[in-house]
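Enquirer: Counted the way the numbering used here counts, the sequence shown spans residues 260 to 720. Note that the Cβ used here is the ideal one computed from N, Cα and C, for glycine as well. Here's a structure for you.
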Amino acid sequence: MLEAGPVARVRDFKKDAGYTLSRYFWHGGMRTTTGNLFMPTMQARNVGGGSVWNSAICLRIPEFTLERWEQEHGLTGFTKGGLDRHFEAVEAFMGVRPVEPDCQGPRNELFRQACEKMGWGVLPIERNEAGCLGSGECFTGCPNGAKLSVDRRGLPEVIERGGVVYASVQCDKLIMQGREVRGCEGHVVHPKTGKKSHKVRIEARCTLVAAGTIHTPDILQRSGIRGPGIGNNLRFHPGTMVMGLFDDPVFPWAGATQGYHCLDFLESDGIKLESLWATPSLMAFRFPGFGKNFQKLLGEYTYMASWDAWVSGEDSVGSVKATGLGRPSVRYQIHQNDVDRVAEAMAKLSELFFAVGAKGVLLGVHGLPDLATDARIIDTLRNTRFSVDQFPLASNHAFGATPMGADPSRHGVDPTGAVYGADHVYVCDTGLLPNTPSANPMMPAMGLSHYIAENVLGRYT
Ligand SMILES: Cc1cc2nc3c(=O)[nH]c(=O)nc-3n(C[C@H](O)[C@H](O)[C@H](O)COP(=O)(O)OP(=O)(O)OC[C@H]3O[C@@H](n4cnc5c(N)ncnc54)[C@H](O)[C@@H]3O)c2cc1C
Ligand code: SF4
Numbered sequence: 260m261l262e263a264g265p266v267a268r269v270r271d272f273k274k275d276a277g278y279t280l281s282r283y284f285w286h287g288g289m290r291t292t293t294g295n296l297f298m299p300t301m302q303a304r305n306v307g308g309g310s311v312w313n314s315a316i317c318l319r320i321p322e323f324t325l326e327r328w329e330q331e332h333g334l335t336g337f338t339k340g341g342l343d344r345h346f347e348a349v350e351a352f353m354g355v356r357p358v359e360p361d362c363q364g365p366r367n368e369l370f371r372q373a374c375e376k377m378g379w380g381v382l383p384i385e386r387n388e389a390g391c392l393g394s395g396e397c398f399t400g401c402p403n404g405a406k407l408s409v410d411r412r413g414l415p416e417v418i419e420r421g422g423v424v425y426a427s428v429q430c431d432k433l434i435m436q437g438r439e440v441r442g443c444e445g446h447v448v449h450p451k452t453g454k455k456s457h458k459v460r461i462e463a464r465c466t467l468v469a470a471g472t473i474h475t476p477d478i479l480q481r482s483g484i485r486g487p488g489i490g491n492n493l494r495f496h497p498g499t500m501v502m503g504l505f506d507d508p509v510f511p512w513a514g515a516t517q518g519y520h521c522l523d524f525l526e527s528d529g530i531k532l533e534s535l536w537a538t539p540s541l542m543a544f545r546f547p548g549f550g551k552n553f554q555k556l557l558g559e560y561t562y563m564a565s566w567d568a569w570v571s572g573e574d575s576v577g578s579v580k581a582t583g584l585g586r587p588s589v590r591y592q593i594h595q596n597d598v599d600r601v602a603e604a605m606a607k608l609s610e611l612f613f614a615v616g617a618k619g620v621l622l623g624v625h626g627l628p629d630l631a632t633d634a635r636i637i638d639t640l641r642n643t644r645f646s647v648d649q650f651p652l653a654s655n656h657a658f659g660a661t662p663m664g665a666d667p668s669r670h671g672v673d674p675t676g677a678v679y680g681a682d683h684v685y686v687c688d689t690g691l692l693p694n695t696p697s698a699n700p701m702m703p704a705m706g707l708s709h710y711i712a713e714n715v716l717g718r719y720t
């Protein structure tokens, strides 16, 4: 296995978002889309990829999504439990379990109470971890070694069975003989300076590309595999956040990074609601004002809770195009339907906050009050037609740029995971998902990869 980034061990972690982003994320975590909005979209660059820094949420692809994929993308056999054994195998292996009640902490508990007050379903989030202490530091790396990220669960087993992992080796392109892929070529990257050094060439009978939905099409395109399904169907779950200000301290940093979620509006409205924490150096960019006003709000952090929402993004599409080495251009055009979903998601989060006695909500929406203290803001959010540039959006849920499906004129890989237009090459990452899954991406990608791995084993062993 090749990984462009370095190994990130518990002893390397620092509670400092700037350090984490600059050392372990592509383009220092500052990658944004172009198109009709500049939307930050971070991608990790280290052994274990995003699983090292994410909140470890594990959610299966819901049945309503699989039914659509069957009809629209020819993915037959995935519905009615067809993928269950793959998800079950991954969940058992990755140690997926619900957040323990004593790890929830006040921010997550408030979210649960708010959902219950509104009569909305609320569930403890299932995550791949063992021994979480609820320190809320998932984003800068679990200091307790509790998160069962791929570097801790998966790669050790690969090495035990004789596999070799080359860290800090970047693949530049695949070795092509006609349409046959024979391995890959790349170079060593210095883990701290990022400087290029030795060339690397690895020959293989079968190659799995799992560089994430942005870099996989980049690698395929620069290898000359440029079919219509390679890079043209980029999807996101656009995400937003609302913070609520309370009279009593909330201590939002205490408790699991993401402890509870509400799935009631996933199918009907394309909206998922979650409780969330990340270091102030990441979240405080949402605060309004400068100087003393900004300082005053920062001083009130103890009294705030932060809850986020992401929306289906099913009407919006983008693309990935290879440009400079490892610097693909990422375009995204958000549709008004998804903008409207974001406004509704913010209305729902505001309803939750006012239901449990918040004295105001910080929305960060251009044209609305900095701190909205009147619950009528909920109606304003519902009755206004916003434009996309009024919202601060971000998305770390990216999919679909090498979509799986039965039609080579639209899809990048066939229903077994094999790349159209080339032989002996498969995709195993979030790029496979032909549209937004309405589930956090890690488990959908792992479940499908397990299914593809079976096909590959059957063919090559
Ligand atoms: C802060 C944050 C929180 C998140 N929380 C959750 C969550 O709780 N649950 C969830 O389901 N999802 C979450 N996500 C999203 C999830 O982590 C990603 O969708 C997922 O990791 C993507 O998996 P992947 O295998 O497609 O790509 P990645 O995890 O990005 O792995 C691809 C790897 O390939 C490497 N690579 C790329 N190009 C090359 C090359 N040319 N040569 C060699 N190596 C290369 C990259 O460095 C990277 O390590 C979160 C993401 C972030 C950033
Ligand atoms: S909440 Fe803290 S202890 Fe739990 S998995 Fe995340 S970083 Fe680790």
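Comparing C-alpha positions only, which one of Leu334, Ala657 and Val684 sits nearest to glycine 498?
Expert: That would be Ala657, whose Cα lies nearest to the Cα of glycine 498.
Enquirer: What does DSSP give as the partner residues of valine 576 in its beta bridges?
Expert: Answer is Gln592.
Enquirer: So, for glycine 390: in the same chain, excluding its five sequence neighbours on each side, which residues have a beta-carbon less than 6 angstroms away from its beta-carbon?
Expert: Cβ neighbours of glycine 390 beyond the five flanking positions: Ala405.
Enquirer: Does the distance from the CB of alanine 463 to the CB of glutamine 363 come in under 8 angstroms?
Expert: No, they are not a contact pair.
Enquirer: Name, in chain order, the residues that DSSP records as bridge partners for glutamine 436.
Expert: Glu439.
Enquirer: Could you check if glutamine 436 belongs to the surroundings of ligand 1, using beta carbon to heavy atom distance under 7 angstroms?
Expert: No, the beta carbon of glutamine 436 sits no closer than 7 angstroms to any heavy atom of ligand 1.
Enquirer: Check whether the Cβ atoms of isoleucine 384 and proline 357 lie closer than 8 angstroms to each other.
Expert: Going by C-beta atoms, isoleucine 384 is nearer than 8 angstroms to proline 357.
Enquirer: Below 8 angstroms between beta carbons: does that hold for valine 576 and glutamine 595?
Expert: Contact: no.
Enquirer: Please classify valine 349 as buried or exposed, where buried requires at least 16 neighbouring CB atoms within 10 angstroms.
Expert: Classification for valine 349: buried.
Enquirer: Please tell me whether glycine 437 and threonine 466 are closer than 8 angstroms, where the distance is taken between their beta carbons.
Expert: Taking 8 angstroms as the Cβ cut-off, glycine 437 and threonine 466 do not qualify as a contacting pair.
Enquirer: For valine 684, which residues in the same chain have their Cβ closer than 6 angstroms to its Cβ, ignoring the five residues on either side in sequence?
Expert: So the qualifying residues of the chain are Val440, Thr466 and Val678.
Enquirer: Between phenylalanine 284 and the rest of its own chain, which residues show a CB-CB distance below 7 angstroms, the 5 nearest in sequence each way excluded?
Expert: Cβ within range, chain order: Met301, Gln302, Ala303 and Arg304.
Enquirer: Here's the rule: buried if 16 or more other CB atoms are within 10 angstroms of the residue's CB, otherwise exposed. What is leucine 716?
Expert: Exposed, by the Cβ-count rule.
Enquirer: In chain order, what residues of the same chain have a beta carbon less than 6 angstroms from the beta carbon of leucine 723, not counting five sequence neighbours either side?
Expert: Not covered by the structure: residue 723. The range shown for the chain is 260 to 720.
Enquirer: Taking the alpha-carbon of threonine 632 as reference, which of His625, Arg641, Ser609 and Thr475 has the nearest alpha-carbon?
Expert: The shortest Cα separation from threonine 632 among His625, Arg641, Ser609 and Thr475 belongs to Ser609.
Enquirer: Quick check: does the Cβ of serine 408 come within less than 7 angstroms of any heavy atom belonging to ligand 4?
Expert: As far as ligands go, the structure on display features ligand 1 and ligand 2 and does not contain ligand 4.
Enquirer: If you draw a straight line from the C-alpha of arginine 270 to the C-alpha of alanine 564, how long is it?
Expert: Approximately 29 angstroms between the Cα atoms of the pair.
Enquirer: Decide if the segment 680-697 is in contact with the segment 322-332; the criterion is three or more beta carbon pairs, one per stretch, under 8 angstroms apart.
Expert: Output reads yes: the segment 322-332 touches the segment 680-697.
Enquirer: What are the complete alpha helix (DSSP H) segments, minimum 4 residues, inside the segment 585-629?
Expert: Whole alpha helix (DSSP H) segments, 4+ residues: 595-614.
Enquirer: Just verifying my parser: in three-state terms, what is the DSSP assignment at phenylalanine 284?
Expert: Reduced to three states, the DSSP call for phenylalanine 284 is strand.
Enquirer: Mind the definition here: the segment 602-622 touches the segment 501-518 only if three or more C-beta pairs lie below 8 angstroms; say whether that holds.
Expert: Judged by Cβ distances under 8 angstroms, the segment 602-622 makes contact with the segment 501-518, as three or more pairs qualify.
Enquirer: Just to confirm my understanding: we take leucine 369, look at its own chain, exclude 5 residues before and 5 after, and list those with CB closer than 7 angstroms. What are they?
Expert: Result list for leucine 369: Val509, Ala564 and Val615, in chain order.
Enquirer: State the DSSP-derived secondary structure class of glutamine 330, mapped to helix, strand or coil.
Expert: Of the three classes helix, strand and coil, the one that applies to glutamine 330 here is helix, per DSSP.
Enquirer: Report the residue from Phe352, Met353, Gly453 and Glu322 whose alpha carbon sits nearest the alpha carbon of threonine 338.
Expert: The shortest C-alpha separation from threonine 338 is found at Glu322.
Enquirer: Should aspartate 344 be labelled buried (16 or more other beta-carbon atoms within 10 Å of its own) or exposed?
Expert: The question names aspartate, yet the displayed sequence has arginine at residue 344. So arginine 344 ends up on the exposed side.
Enquirer: Can you tell me the Cβ-Cβ gap for valine 306 and glycine 264, rounded? I've got them flagged as a contact below 8 angstroms.
Expert: That belief holds up - the Cβ atoms of valine 306 and glycine 264 are roughly 7 angstroms apart, short of 8 angstroms.
Enquirer: State the start and end residues of the unbroken beta strand (DSSP E) segment that holds aspartate 567.
Expert: Here the beta strand (DSSP E) through aspartate 567 covers 563-570.
Enquirer: If you draw a straight line from the alpha carbon of proline 628 to that of leucine 652, how long is it in whole angstroms?
Expert: Distance between the alpha carbons of proline 628 and leucine 652 is about 18 angstroms.
Enquirer: If you drop the 5 nearest sequence neighbours on each side, which residues of the same chain put their C-beta closer than 6 angstroms to that of glycine 309?
Expert: Result list for glycine 309: Ala303, in chain order.
Enquirer: If I measure Cβ to Cβ from alanine 373 and keep anything under 6 angstroms in the same chain, skipping five residues before and after, which residues do I get?
Expert: These residues qualify, in order along the chain: Leu611, Ala614 and Val615.
Enquirer: Hey, glycine 354 and glutamate 388: beta-carbon distance below 8 angstroms or not?
Expert: Cβ atoms of glycine 354 and glutamate 388: closer than 8 angstroms.
Enquirer: Within 8 angstroms of any Cβ in chain D, is that where the Cβ of alanine 513 sits?
Expert: No chain D is part of this structure, which consists of one protein chain only.
Enquirer: Helix or strand or just coil, what does DSSP make of lysine 531?
Expert: The answer is strand: DSSP assigns lysine 531 an E or B state.
Enquirer: Comparing the CB of serine 394 with every heavy atom of ligand 2, is any distance shorter than 7 angstroms?
Expert: The answer is yes for serine 394.
Enquirer: Looking only at its own chain, which residues have a Cβ that is under 7 angstroms from the Cβ of aspartate 597, when we skip the five neighbours before and after it?
Expert: Contacts found: Pro497, Val570, Gly572, Asp574 and Ser575.
Enquirer: To the nearest angstrom, report how far apart glycine 550 and lysine 454 are at their CA atoms.
Expert: Cα to Cα, glycine 550 sits roughly 38 angstroms from lysine 454.
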